[in-house]
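Participant: I'd like to ask some things about the structure below.
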Amino acid sequence: MRNEELLKGQSIPHDSASKHVSGFAQYTDDIAEPSNTLHGAIGWSEKAHARIKKIDLSDVEKSEGVISVATFKDIPGRNDVGPVFDGDPIFPKTKVEYFGQPLFAVAATTTEFARKAVLKAKITYSELKPIITIEEALKKNNLLFNPRIIKKGNPQNKINKSKNKLIGKFNTGSQEHFYLEGQVCLVIPQEDKNLQVYSSTQHPSETQQIIAKMLKQKSNSITVTVRRIGGGFGGKETNFMTAAICALLSHKTKQPIKLRLDRDDDIILTGKRHDFYSEYEVGFNDNGKIEGLKLKLASRCGMSPDLSYAINERALLHLDNAYYLSDLEVKNFLCKTNTSSSTAFRGFGGNQGMMAIENIIDNISRFLKKDPSDVRKENFYGQNENNITHYGMKINDNVIHDIFKSLLDKSNYKKRYNQIKNFNLKNKFKKKGIALTPVKFGISFTTIHLNQAGALVHIYTDGSVHLNHGGIEMGQGTHTKIAQLVANTFGLPFEKVQISSTNTSKVPNTSASAASSTTDLNGAATLNATEKIKTNLNNFIKKKYNILSKIEPVYRNENIYIGNRTFNFKKIIQEAYLNRISLSSSGFYSTPKINFDKQKFKGRPFYYFCYGAAVTEVTIDTLTGENKVDRVDIIHDAGNAINPALELGQIEGGFVQGQGWLTMEEVVWDKSGKLRTYSPSTYKIPAVTDTPDKFNVEIFKRGSNVENVVNKQKTTGEPPLMLAMSVFFAIKDAIASISNYTKIPELDAPATPEKILMSINKLKRKIKSNGK
Amino acid sequence: MVSDTIQFLFNNKIFKIKNPDPNKTILNYIRNDLKMTGTKEGCAEGGCGACTIVLGELNKNKIVYKAINACISFLPILNGKQLILIEDLSNGKSLHPVQEAMIKFHGSQCGFCTPGFTMSLFSMHKNNKLINNEIVEEALSGNLCRCTGYRPIIDAAKSLNNKNDLDQFKKDKIKIIKLLKNIKSTDIEINNKGKKFFAPKTISNLKKILNKYPDAKILSGGTDLSLEVTKFRKEIKTIISLNSVEKLNFIKKNRNLLEIGATTSLFEFQNIIKNYFLDFHDILKRYGSLQIRNVGTVAGNIATASPIGDTLPLLLTLDAKIVVQGKNKKKTFSLSEFFISYRKTKLKKGEFIYSIKIPINKDNIFKAYKISKRFDDDISSVCGSFSFLIKKNKITKAAIAYGGMSAIPKRASAIEKKLVNSEFTENSFSNAIDLINKDFSPLDDMRASSEYRLAVAKNLLLKAFYEIKNKQTIRIN
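Chains as they are written, first to last, in this note's numbering: chain A, 2 to 773; chain B, 39 to 515.
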């Protein structure tokens, strides 16, 4: 893209904003159903680990309104929805592996009848001992893959020689996606066994393939359409169970089926974020510079592989965050547990890896009694040296130093750091804490072949533009941003570009809208399509009007300017049509430069990095452990943003979602493997009063992208979530004040009031026993 | 007069439904029967606000706009009200100012929660000319958004401060009031394939129906009862609503006593109790959401007798009395003797709560705290309530109660006994708190561990002491 063609950020509202606020934005459950539509419900396992002795569905079949009941016997093809590896049976035949595993499904005349019916199943189990925690799985060596070991340099040697040494362990918790629109699918049978599928998914192409394989049909017989989804966050990247079962019921009944999970079922049946456990041994000098690090990183993957391999890989690729690690060894364990299969969630393991290293740096600072921000700076990747990652990628776009310095100034960090120490001396029950944490996040799918996208653009004879691409609109505004790019490249007002539903028959073989890459990939594919149309038009105009000049035509203000000649866009389109010029084109894009050898753990898995940093100030109550975020200052790099308002929305929203992950959102399984937090009454995501009182977010003013990404933008999908690490470490800072910053508090995430009070009490006991 | 038909105002027209299914939620009616799909289901338990609608209610020639959760409200409660949905806000030509504000401040991302937020903002805007942080937070704490982090929505809400509310609802006000008045106020008796719903207007009729249907479920806010249908997939055969009984909706105040009728909503109660016990008000503001408090009642909280009902420990320490209407006469219980065991009370079949009496003693020092993972709209892991009389630095009365610590909300009698007649000193309190183990042995659950509950319960008592001693609150929120 030439620089003069870049769009200077235009903060127009989300393309659907006026429909959102008036109730006319259509979601899958809002589509008018054909009159013969039946409604589905899923019957699921009450046990976390058991052999199935008998499934008696006679009362289910007799239940009011029931038309059909489907079991594994009705599946003609592949009985699995695993996206990469097998392991996620649609209905298991002999053994259940988690509480909530689907066993059968019902189609009835109403949703209420279907949901009542599934409760009438009589299932006898022979129970097996479940493995629920990472600890149990490690003890029993219950792993999905062999442990993965990566090594650089000689960390043990370095640690032995280091002046200072620390060992420790640390946990981060799971997180439920809690997209406001739950899993839902509508399948309408067509001619020739074809199915029209409307599904709330981030991945229509995989939905198509999974249904095709399940029904032993070709992919070309399944069409998946998605206009928008009510939030995804990774929870609809795989989790194909709902769509598969819906299609199966339709296949069996030959009728349209709507399957909408109620909130409890949605949370119980589908996977969540991976919990991570880490153990570390670190050697460092008196400035806090890490000299050698040995790390054990284990995650709760649930009952199947799903995307766990890639998620753990991203954790391994991000345990450096913004820091240069010269000598490193990591052992990674993917624990198989009898819980729902842990899956993609904004950050995709990256955030868990980053929390592990941030906790180590924080502890080093406290051990040395230094301001943690100084120790962080000490360890940053250099611009010209110490700039090769532990996987061998040279970092050539590092702006963390610039962001860090700007943020120190903007937030007045150093002054407040001292003010807070004074506040804490004077207050016994209220303690304040502050922390500055950086973010460096790699952009691209680490599975290289996924970094491709397609698009389809038509111009109709009245000059209006129809836009279609493979990305899913899930709130991030990708349709708005890509339509802005199209409007910009054709020199048209935004309103002239019609956004359309993502559809597997328009753009095939798409990748999931994930890895923060949706706009980068699909935007580039779209511009590839528009360039082809423009080339047709340019050639036509030049030929028809006999323009020999080599000047590039300029598309602006609904006109096309070539030298001193002006052509009206709409008129040229009509002329081009009459002269039999193609006004439609597909587009394609594949990310250049990237490569990654998974065996050697070497290469350039990322096209570029996103950077940002946050300063958070909190207050905690030392009698109760309650906490409050008082002030947040953020500088985040969005490159040359297409739509700064939408990027700001991603940054703020990502931050608060991360704040939830690290402070209040707690997924609790009991010992028998039953999920105890499965509704908004038991699982708490941040509410309106949790938003920081002072929330100063700035998009990095000098932002650009050294790589040739659309509009030189940088994505803001996942990276801002990790800005919330500053909340956690500010809380830890506040706790540390109780020991007058002489001791290292032990605190795991999420820092709930309980965890905070227990950490305080532990610290108090430490001080007491030291005093004796 | 008795009617089997409910009537409500929708799109300035009277809608009539004869014998509606009393187990059908308003949300299912809107989406499945009216085919209006703007209102969303997010959780079917009143916990996310995606289904927020607004009911216009006539109150002395004025229309009060109440945001409620359509997912946990049964259809018959529409009777006599104006139903306002998200699709109604635009006047056909232009969007409503609250919609414009949401767009201007980029308040929607995925958009699924947006109709609910917009309806909450609408009722806030209609009921309040001046908007401040407190009003915004109260209006929006029952609506969850997973995308925006709320900042743009808060800004949209604040932009409505002092904004003219001249919309079609105001323009048509006289017509709407007239139409609402035209709906004849009668007793309602619905029979839908054996499922019955009664909404009597007088206590005598209520008693008669209760006599005939002693197993009927009594509905006031229905925020708990409806879950039987929406979550547990059960059928409620007979429902008797108290909401039309005019004599149950009252507030009596004198110098020594506050008495509230059974159908007083938590929202109304919150605004009255503010004048007597500020901490009670502050806890109520965190009780459910505004949507819940608009319909839920104190009497309902008492009757369900949940160990985590937030008003209960507070009422216990205030020595509240429950007036129960028996078959023949009224009976009065002290609250502490009213609870028998987990979710069981002394309320017998055929009886109902008539009112709650709260003694007012100006010398009482009252403190209450709620501990939960999330500040707003969460269920307490521990709720502590403390009421003291202190004379010349001596504790003459100590009333201490906790929720979340046992199967029923309960007074901490061992601690109370230890404190009474002792000096009001840190030492007295430090000595007393260890008796918590005598009073309570709480459970581990998803909200908190037993260990934390005990630790925080002790600390709350100390907190009360420090706050009273230093005449200064220690609160971070």
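A virtual CB, placed ideally from N, CA and C, is assigned to each residue, including glycine.
Rounded to the nearest angstrom, what separates B:S158 and A:E182 at their Cα positions?
Facilitator: Using only the alpha carbons, I get a separation of about 19 Å.
Participant: Let me know if B:I212 comes out buried or exposed under the rule of 16 or more other beta-carbons within 10 Å of its beta-carbon.
Facilitator: Flag for B:I212 reads exposed.
Participant: Taking A:E207 as the reference, give the member of A:N388, A:P687, A:G83 with the closest Cα.
Facilitator: Answer by Cα proximity: A:G83.
Participant: Mind listing the chain A neighbours of B:Y440? Cutoff is C-beta to C-beta under 9 Å, in chain order.
Facilitator: Under the 9 Å cutoff, chain A gives no residues; its nearest Cβ is about 13 Å from B:Y440.
Participant: Got a sec? Which residues, its chain only, sit under 7 Å from B:L123 by beta carbon, not counting five neighbours each side?
Facilitator: Closer than 7 Å at the Cβ level, and outside the excluded window around B:L123, lie I68, M74, G76, T77, I91.
Participant: Between A:A525, A:N709, A:Q453, A:K535, which lies nearest to A:I460 when the distance is taken from Cα to Cα?
Facilitator: When only C-alpha atoms are compared, the closest one is A:K535.
Participant: Looking at the strands, I want to know which residues DSSP matches up with B:Y440.
Facilitator: According to DSSP, which records beta bridges pairwise, B:Y440 is partnered with B:G422, B:K448.
Participant: Got a sec: which bits of the segment 30-53 of chain A sit with their beta carbon under 9 Å from any beta carbon on chain B, in order along the chain?
Facilitator: So the list reads D30, D31, I32, A33, given in the order they occur along the chain.
Participant: Using CA atoms only, rank isn't needed, just tell me which of A:A735, A:S673, A:Y28 is closest to A:I745.
Facilitator: Closest by alpha carbon: A:A735.
Participant: Rounding to the nearest angstrom, what Cα-Cα distance links A:E238 and A:T344 in this structure?
Facilitator: About 8 Å.
Participant: Quick one, which of B:I278, B:C148, B:T355, B:I471 has its alpha-carbon nearest A:A18's?
Facilitator: Selected option, being the one with the closest Cα: B:C148.
Participant: Look at the alpha carbon of A:F607 and the alpha carbon of A:F446, and state the distance between them as a whole number of angstroms.
Facilitator: Their backbone Cα atoms lie some 8 Å apart in a straight line.
Participant: Just checking, does the segment 215-224 of chain B make contact with the segment 240-254 of chain B on the three C-beta pairs under 8 Å criterion?
Facilitator: Flag = no, the segment 215-224 of chain B and the segment 240-254 of chain B do not touch.
Participant: Within the 9 Å Cβ cut-off, does B:I101 reach chain A?
Facilitator: Not an interface residue.
Participant: Using the Cβ count rule (16 or more neighbours within 10 Å means buried), how would you classify A:T503?
Facilitator: Flag for A:T503 reads buried.
Participant: Could you tell me the boundaries of the alpha helix (DSSP H) in which A:V61 lies?
Facilitator: Where A:V61 is concerned, the enclosing alpha helix (DSSP H) stretches over 59-63.
Participant: Counting only C-beta atoms, is B:V174 closer than 9 Å to chain A at any point?
Facilitator: With 9 Å as the cut-off, B:V174 counts as an interface residue toward chain A.
Participant: Could one say the Cβ of A:S517 lies closer than 9 Å to chain B's Cβ atoms, at least one of them?
Facilitator: Judged by the 9 Å Cβ criterion, A:S517 is not in contact with chain B.
Participant: Would B:A254 pass as a contact of B:K275 if the rule is Cβ separation under 9 Å?
Facilitator: Yes, these two residues count as a Cβ contact at 9 Å.
Participant: With a cut-off of 8 Å, do at least 3 Cβ pairs link the segment 751-768 of chain A to the segment 46-57 of chain B?
Facilitator: No contact exists between the segment 751-768 of chain A and the segment 46-57 of chain B.
Participant: Return the residues of the segment 223-245 of chain A that lie within a Cβ-Cβ distance of less than 9 Å from chain B, sorted by chain order.
Facilitator: Listed by position, the residues of the segment 223-245 of chain A near chain B (Cβ gap below 9 Å) are R229, I230, G231, G232, G233, F234.
Participant: Alpha carbon to alpha carbon, how far is A:M723 from A:V657? Give it in angstroms, no decimals.
Facilitator: Computed Cα separation, rounded: 10 Å.
Participant: Taking Cβ positions, are B:F371 and B:K359 nearer each other than 9 Å?
Facilitator: In this structure, B:K359 lies closer than 9 Å to B:F371 by Cβ.
Participant: Is DSSP giving B:G154 helix, strand or coil here?
Facilitator: Reduced to three states, the DSSP call for B:G154 is helix.
Participant: Would you kindly work out how many angstroms separate the C-alpha atoms of A:G272 and A:K427, rounded to a whole number?
Facilitator: Cα to Cα, A:G272 sits roughly 46 Å from A:K427.
Participant: Could you please give me the residues that DSSP links to A:N628 through a beta bridge?
Facilitator: Answer is A:I621, bridged to A:N628.
Participant: Residues in its own chain within less than 6 Å of A:K295 by CB, not counting five upstream and five downstream?
Facilitator: Excluding positions up to five away in sequence, the list reads P156, E282, E330.
Participant: Would you mind telling me which residues of chain B sit closer than 7 Å to A:P14, beta carbon to beta carbon, in chain order?
Facilitator: Within 7 Å Cβ-Cβ: I141, H144.
Participant: Suppose you measure from the CA of A:K739 to the CA of B:F318; what does that come to, to the nearest Å?
Facilitator: It is worth fixing the name first, because residue 739 of chain A is Ile in this sequence and not Lys. In a straight line, the C-alpha of A:I739 is about 31 Å away from that of B:F318.
Participant: Which residues does DSSP list as the beta-bridge partners of B:P397?
Facilitator: In DSSP, B:P397 forms a bridge with B:L295.
Participant: To the nearest angstrom, how far is the alpha carbon of B:G154 from that of B:L121?
Facilitator: Going from the Cα of B:G154 to the Cα of B:L121 covers about 14 Å.
Participant: So A:Y278 contacts chain B; which residues on that side make the cut at Cβ distance below 8 Å?
Facilitator: Chain B residues near A:Y278: none, gap ~19 Å exceeds 8 Å.
Participant: Rounded to a whole number of angstroms, what is the C-alpha to C-alpha distance between B:T43 and A:D622?
Facilitator: Cα to Cα, the separation comes out at about 54 Å.
Participant: A:G471 and A:V508 - do their beta-carbons sit closer together than 9 Å?
Facilitator: A contact, by the Cβ cut-off of 9 Å.
Participant: Report yes or no: is there a C-beta of chain A within less than 9 Å of the C-beta of B:I169?
Facilitator: No, B:I169 lies away from the interface with chain A (no Cβ there is under 9 Å from its Cβ).
Participant: Let me make sure I understand the geometry here. Which of A:E532, A:F597, A:T29 has the alpha-carbon closest to that of A:L187?
Facilitator: Ranking the options by Cα distance to A:L187, first place goes to A:T29.
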